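Just add 104 to wherever you are in the sequence shown, counting from 1, and you've got the numbering used here. Beta carbons: idealized from backbone N, C-alpha and C, even for Gly. Remember, predicted model here, so these are calculated numbers, not experimental data. Each remark here refers to the structure printed beneath this line.
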Amino acid sequence: MTEHVLTLIAAARGGLAAETVDAIAAALARLGADVGRPDWLDEHRVCDLPFADLNDDQADAAARALLGDAPVDVMAQPAADRRKRLLIADMESTLIENEMLDELADHVGKRAEIAAITARAMNGELDFRGALDARVKLLAGLDAAVLDETAEVIRYTPGAGALIATMQANGARTAIVSGGFRCYTARVARTLGVDLDFGNELEVVDDRLTGRVVPPVLGREAKLETLVRLAAESSLPLSATLATGDGANDLDMIAAAGLGVAFRAKPIVAAQAKWRVIHGDLTALLYAQGYRAGEIVAG
Numbered sequence: 105m106t107e108h109v110l111t112l113i114a115a116a117r118g119g120l121a122a123e124t125v126d127a128i129a130a131a132l133a134r135l136g137a138d139v140g141r142p143d144w145l146d147e148h149r150v151c152d153l154p155f156a157d158l159n160d161d162q163a164d165a166a167a168r169a170l171l172g173d174a175p176v177d178v179m180a181q182p183a184a185d186r187r188k189r190l191l192i193a194d195m196e197s198t199l200i201e202n203e204m205l206d207e208l209a210d211h212v213g214k215r216a217e218i219a220a221i222t223a224r225a226m227n228g229e230l231d232f233r234g235a236l237d238a239r240v241k242l243l244a245g246l247d248a249a250v251l252d253e254t255a256e257v258i259r260y261t262p263g264a265g266a267l268i269a270t271m272q273a274n275g276a277r278t279a280i281v282s283g284g285f286r287c288y289t290a291r292v293a294r295t296l297g298v299d300l301d302f303g304n305e306l307e308v309v310d311d312r313l314t315g316r317v318v319p320p321v322l323g324r325e326a327k328l329e330t331l332v333r334l335a336a337e338s339s340l341p342l343s344a345t346l347a348t349g350d351g352a353n354d355l356d357m358i359a360a361a362g363l364g365v366a367f368r369a370k371p372i373v374a375a376q377a378k379w380r381v382i383h384g385d386l387t388a389l390l391y392a393q394g395y396r397a398g399e400i401v402a403g
C-alpha cells in the first residue's frame, strides 16, 4: 500500500501528540487517501504516516492546515529510496549559525552596512556576485590574521554534527558548498568531519585583505554544478542526493536534488522549495530520510 510517507517533526520532544497524528491521518483519509499505521521515529516528537492514493502536495497542505502555527515541520515524499547517498550543504546559516562576512565586518565597524547587503542578497534582491564584491571591498586593508580570529566565534547549528556523522556512517558522501570563504569552510569541514568543502578565496597580499575575491567565484550556478559533478563521480542519480541551504543562491541545487530542503530559509527560498525545515534543527533532515532516533550518530 505504501507509496508515500508524510513525516511530522516536532521541534521539541513531547511536541507531537498521538491525537494530532490521528487527526492528520483522518484528514488525509477524507481526501481519499489510503492511510497506514503511524510509525514513531522518535516517541512524541517524530512520526511517519504512510499513505497512498493522494499526492504529496495535498497531504502536505492538509497537515499544515491542521497544525496551524504549531512548531512541527511537515515533509511528504515518495516512500522508496528515502535515504540519500550524497549530502550537499550550504555553510552559513545552515551548518553554522553565523554569516562570516558579517563577523568580519565587526572588525571594520561596518557590520550593519555589510549585514544589510547580505540579507538582501540572500533574499534574492541583489545579484550574488555584485553583493559579494561590494561587501568584500569594504574589508580592504584588514589584517589577514582576523580570519583566524573570527573563526573562533563560529557557532554550529544544532544537529549539524549528527547529520554528517549519521549519513557518513550509512555510506553517504558529504560536502560543504558555500558562497562564503575557504578559510571557514575548511575549518567547519574539519570540525564536523565533512568529506569535501568548496568556497571562495579572499585575496591576501602582504598579509592584508585586498578587498577582492580570487576568481572564479562560487555562486548559485557553481553550487548546482558541484551537486551534479559529485553525484556523477559517485555514479549516483540526482534522486539519491540531498541538498540543503537557506539563501537564494541555494535554490538551483535544492530544486535539482532528490531531497532538496530549505533550512530555516529566507522567504524567497521557503516559498519555492518543496521541502522546508522551519522549526527543527538539522536532525530533521535525518528524520526526513526515515532514520529513527536510535540510529542517529552523535557528532
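Report, in whole angstroms, the separation of the C-beta atoms of T314 and G303, which I expect to be a contact under 8 Å.
Actually they do not touch by this definition, with Cβ atoms about 17 Å apart.
DSSP on A347, reduced to helix/strand/coil?
strand
Is the distance from the Cβ of L153 to the Cβ of L132 below 9 Å?
yes
Measure how close the beta-carbons of I268 and V298 come, nearest whole angstrom, since I'm counting them as under 8 Å.
6 Å
How should V317 be labelled, buried or exposed, when 16 other C-beta atoms within 10 angstroms of its C-beta is the threshold for buried?
buried
Counting only runs that start and end within the stretch 274-344, where is the beta strand (DSSP E) found for 3 or more residues in a row?
277-285, 300-309, 312-318
Since A377 contacts A366 with CB under 8 Å, what's their CB separation in whole angstroms?
4 Å
Relative to the alpha-carbon of G416, which residue among G140, P182, P175, D161 has its alpha-carbon at the smallest distance?
Because the chain is modelled from 105 through 403, residue 416 falls outside the range shown and cannot be assessed.
Cβ pair count under 8 Å reaching 3, the stretch 112-130 against the stretch 192-206
no
Which of helix, strand or coil does DSSP assign to L171?
helix
Assuming contact is defined by CB atoms lying nearer than 9 Å, are R312 and A248 in contact in what I supplied?
yes
What are the start and end residues of the beta strand (DSSP E) that includes I113?
108-114
Rounded to whole angstroms, what's the CA-CA distance from S197 to D350? Just pull it up for me.
7 Å
Boundaries of the beta strand (DSSP E) in which L236 is found, first to last residue:
Looking at the DSSP string, L236 is not in any beta strand (DSSP E); the run it does join, the alpha helix (DSSP H), is 232-241.
Are there three or more Cβ pairs, one per stretch, closer than 8 Å when the stretch 178-189 is compared with the stretch 210-223?
no
As a quick exercise: from A402, M226, P371, I372, pick the residue whose alpha carbon is nearest that of G265.
A402
What first and last residue would you give for the alpha helix (DSSP H) that runs through M204?
204-210
Give the secondary structure of L191 by DSSP, where H, G and I count as helix, E and B as strand, and everything else as coil.
strand
Is the separation between the beta-carbon of T387 and that of I192 shorter than 9 Å?
no
Using only alpha-carbon positions, find the residue among A244, Y260, P371, G234 that is nearest to D310.
A244
Best match in A167, D194, E107 for proximity to M179 [C-alpha to C-alpha]
A167
Inter-residue spacing [alpha-carbon to alpha-carbon] between T295 and R368
22 Å
For V125 and L199, which I take to be in contact (beta-carbon distance under 8 Å), what is that distance rounded to the nearest angstrom?
30 Å between Cβ atoms; not a contact.
Contact defined as beta carbons within less than 8 Å: I believe L342 pairs with G362. What is the distance between those atoms, to the nearest angstrom?
6 Å
Buried or exposed, going by whether 16 or more other CB atoms sit within 10 Å of the CB of D161?
exposed
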